[in-house]
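> One structure, pasted below without further comment.
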Amino acid sequence: MKVTIVGAGYVGLVGAAGFSEMGNNVICVESDAAKVRMLESGIVPIHEPGLDAMLQSNARAGRLRFTNSVAEAAHECELFFIAVGTPPLPNGSPDMSYVEGVASEIGRTINRYSCVITKSTVPVGTADRIRTIVQAELVKRGLTIEFDVVSNPEVLKEGAAVKDFMNPERIILGCESDRAETILRRLYAPFSRNHDRILRMRPREAEMTKYASNALLAAKISFMNEIAEFCDQLDVDVEKVRAGVGADSRIGYSFLYAGCGYGGSCFPKDIKALIHTAKKIKTDAGILEAIEHRNERQKRRLYDKIVARFGDDLKARTFAVWGLSFKPDTDDVREASSLTTIQLLLGAGAKVRAYDPIATDNFRKLIAHDPESRQLSFAADQYETLEGADALLLVTEWKQFRHPDFDVIKRKLRRPVVFDGRNQYDPAELVALGFEYYGIGRGARPARSQV
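Its first residue numbered 1, the sequence shown is counted upward by one per residue in the numbering used here.
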């Protein structure tokens, strides 16, 4: 099949790789000419495990190519996936200008039946809006061309996006047309050979499903983070509580890990978008507002624990930070907890030395305009951050941080103090090694060696 994907970000590139891997001919359209040149030369602008090799092999095989022209793609394709960004506006609503711009361009260029599919996360009613835009462009051209609009939201986890795309748990098709369903069932057939993973519903229901899914996952994280604060005050280990709660099959273990807050391009943006929608339709969003409030509070937890240990004035302190990306296996630093923590430390006069396996360059760009960023430096490896530091902060749980050399850590730190923002380490083990340990919800008092 011949497929056009508009947008060469996380969603678009993973989709382009996955569809072409299954033998389809894919054109990936990207308005940024510099990015197109990078992709044509085999350079992938994002880090996603397995993506580079899949894009490069399919490009070499001639099944995948890149362009900045929707019109070029329209000469060959009848399937148009919209996978452009919908960043939040100051009022919390998603910026729909990119989606609407692509819809206009499709309307100006299609010359036969086409199926327009939204992969981007968009508000309820967007499919109707896209239909109106495309139809208006066709009227301007004096053409009567049949087309369908489908909502097919992405359900990918950054860091495992290729795996998720190639082995989906569900494929949501929000469509009104049997013709569109038949075409997309054919496209997705190789991805659901084991059993039918396709769920058909109306476009509005598909759009809401994506928002509801992300909101519920964010709710689980924020709920456990709130319980963790109880645990800190009541001398309870939240990890024991998590294991007990997760053993209930009605609840499960996923997304029950307490930590220093969630980030990324999806959860924060989607919660804000739902809250904005609630205001627009004049309904209550108390739960969603509580999720957002708890997460903002949670991003301060490591800093608050540091102040409780070292005091408000941190001018003479240096802190080592492990992890800058919002989660492991990605270079995405959008809304990352590391940004909040580091900015608070710099604002209190501290020096920060940070390390991340992948995301350092992106973080450097993100914080470049912060006037206090001169107090921030980046290390070439994780142990280099420790030299003379007053404490180690684990912020992102990359695999290489899971079993570090604690003897080296203790030797290099000025004080053997660890703030574990992801509860990766065993407090009893670190105490036995002579560390002062502060986790998230690991008990009322810091774990300290009595020696």
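Using N, Cα and C, we set each Cβ at its ideal position, and we do this for glycine too.
1. Is L64 buried or exposed, if buried means 16 or more other CB atoms sit within 10 Å of its CB?
2. With contact counted as at least three CB pairs below 8 Å, one residue from each stretch, are the segment 4-12 and the segment 77-84 in contact?
3. Taking contact to mean 3 or more Cβ pairs, one atom from each stretch, closer than 8 Å, check whether the segment 304-312 and the segment 283-291 are in contact.
4. Excluding sequence positions up to five away, which residues of its chain have a Cβ less than 8 Å from the Cβ of D312?
5. Using 10 angstroms around the beta-carbon of G434, count the other beta-carbons present and answer buried if the total reaches 16, otherwise exposed.
6. Looking at the structure shown, is K280 part of a helix, part of a strand, or coil, going by DSSP?
7. Mind reading off the beta-carbon distance from A228 to G441? Whole number of angstroms is fine, and I expect it under 8 Å.
8. What three-state label does DSSP hand A320 in the structure shown?
9. Using 8 Å as the Cβ pair cut-off and three pairs as the minimum, do the segment 215-227 and the segment 255-273 touch?
10. Can you find the residues in the same chain that come closer than 6 Å, C-beta to C-beta, to Y211, ignoring five residues on each side of it along the sequence?
11. Under the rule that 16 or more other beta-carbon atoms within 10 Å means buried, what is T396, buried or exposed?
12. Buried or exposed: E146, going by 16 or more other Cβ atoms within 10 Å of its Cβ?
13. Measure how close the beta-carbons of R68 and A33 come, nearest whole angstrom, since I'm counting them as under 8 Å.
14. State buried or exposed for Y303, treating a residue as buried only when at least 16 other CB atoms are found within 10 Å of its CB.
15. When you compare the CB positions of Q382 and R402, do they come within less than 8 Å of one another, or not?
16. Under three-state DSSP, which class holds G347?
17. At 4 residues or longer, and completely inside the segment 330-380: list those alpha helix (DSSP H) runs for me, N to C.
18. What span of residues does the alpha helix (DSSP H) with T209 cover, start to end?
19. Quick check: what's the CA-CA separation for Q450 versus Y438?
20. If I measure Cβ to Cβ from E387 and keep anything under 7 Å in the same chain, skipping five residues before and after, which residues do I get?
21. So is E207 buried or exposed if we call it buried at 16+ other beta carbons inside 10 Å?
22. What is the residue span of the alpha helix (DSSP H) that Y303 lies within?
23. What ranges does the alpha helix (DSSP H) occupy inside the segment 116-182, keeping only unbroken runs of at least 4 residues that lie completely in it?
24. Reducing DSSP to helix, strand and coil, say where Y98 ends up.
25. List the DSSP bridge partners of S82.
26. Leaving aside the five residues before and after K315 along the sequence, list all residues of the same chain whose C-beta is less than 6 Å from its C-beta, in chain order.
Here's the rundown:
1. Here residue 64 refers to the residue found at position 64 of the sequence shown. With 16 or more other Cβ atoms inside 10 Å of its own Cβ, L64 counts as buried.
2. Yes, the segment 4-12 touches the segment 77-84.
3. Verdict: no, contact absent.
4. By one-based count along the sequence shown, residue 312 stands at place 312. Contacts found: A348.
5. Walking along the sequence shown from the start, residue 434 turns up at place 434. Here G434 is exposed: its Cβ has fewer than 16 other Cβ atoms, across all protein chains shown, within 10 Å.
6. Along the sequence shown, one-based indexing puts residue 280 at 280. DSSP, reduced to helix, strand and coil, places K280 within a helical segment of the structure shown.
7. By 1-based counting over the sequence shown, the position of residue 228 is 228. By 1-based counting over the sequence shown, the position of residue 441 is 441. Right, their Cβ atoms sit about 3 Å apart.
8. By 1-based counting over the sequence shown, the position of residue 320 is 320. Judged by DSSP in its simplified three-state form, A320 adopts strand.
9. In this structure the segment 215-227 touches the segment 255-273; the number of beta carbon pairs closer than 8 Å is three or more.
10. The residue labelled residue 211 in the question sits at position 211 within the sequence shown. Taken in chain order, the residues that qualify are D270, L274.
11. The residue given as residue 396 occupies position 396 in the sequence shown. Around the Cβ of T396, a 10 Å sphere holds 16 or more other Cβ atoms; the residue is buried.
12. One-based indexing of the sequence shown puts residue 146 at position 146. Per the 10 Å Cβ criterion, exposed.
13. Position 68 of the sequence shown holds residue 68. Position 33 of the sequence shown holds residue 33. Per the sequence shown, the amino acid found at residue 68 is Asn instead of Arg. Between A33 and N68 the Cβ distance is about 5 Å, and since that is below 8 Å, they are a contact.
14. Against the sequence shown, residue 303 aligns to sequence position 303. The residue in question, Y303, is buried, as its Cβ has 16 or more Cβ neighbours within 10 Å.
15. Looking up residue 382 in the sequence shown gives position 382. Looking up residue 402 in the sequence shown gives position 402. Taking 8 Å as the Cβ cut-off, Q382 and R402 do not qualify as a contacting pair.
16. Here residue 347 is taken as the residue at index 347 of the sequence shown, counted from 1. Reduced to three states, the DSSP call for G347 is helix.
17. Within the segment 330-380, the runs of alpha helix (DSSP H) at least 4 residues long that lie entirely inside it are, in chain order, 337-347, 360-367.
18. Your numbering for residue 209 matches position 209 in the sequence shown. Taken as a continuous stretch (DSSP letters only), the alpha helix (DSSP H) holding T209 covers 203-234.
19. The residue labelled residue 450 in the question sits at position 450 within the sequence shown. The residue labelled residue 438 in the question sits at position 438 within the sequence shown. Low local confidence applies: a pLDDT of 49 at Q450 is under 50, so the model's placement there is unreliable, with the coordinate-based value given in what follows. Rounded to the nearest angstrom, the two C-alpha atoms are 15 Å apart.
20. Start at 1 with the first residue of the sequence shown, and residue 387 comes out as number 387. Same-chain partners within the cutoff: K412.
21. The residue given as residue 207 occupies position 207 in the sequence shown. With 16 or more neighbouring CB atoms inside 10 Å of its own CB, E207 falls in the buried class.
22. As a first step, residue 303 is located in the sequence shown; it is residue number 303 there, counting from the start. Y303 -> alpha helix (DSSP H) spans 301-310.
23. Listed in chain order, they are 126-141, 161-166.
24. Against the sequence shown, residue 98 aligns to sequence position 98. Note: Y98 maps to helix in three-state DSSP.
25. Working through the sequence shown from its first residue, we reach residue 82 at position 82. Note on identity: in this sequence residue 82 is Ile, with Ser being the wrong assignment. In the DSSP assignment, I82 is bridged to V6, T118.
26. Working through the sequence shown from its first residue, we reach residue 315 at position 315. The beta carbon of K315 lies closer than 6 Å to those of G349 in the same chain, with the five residues before and after it left out.
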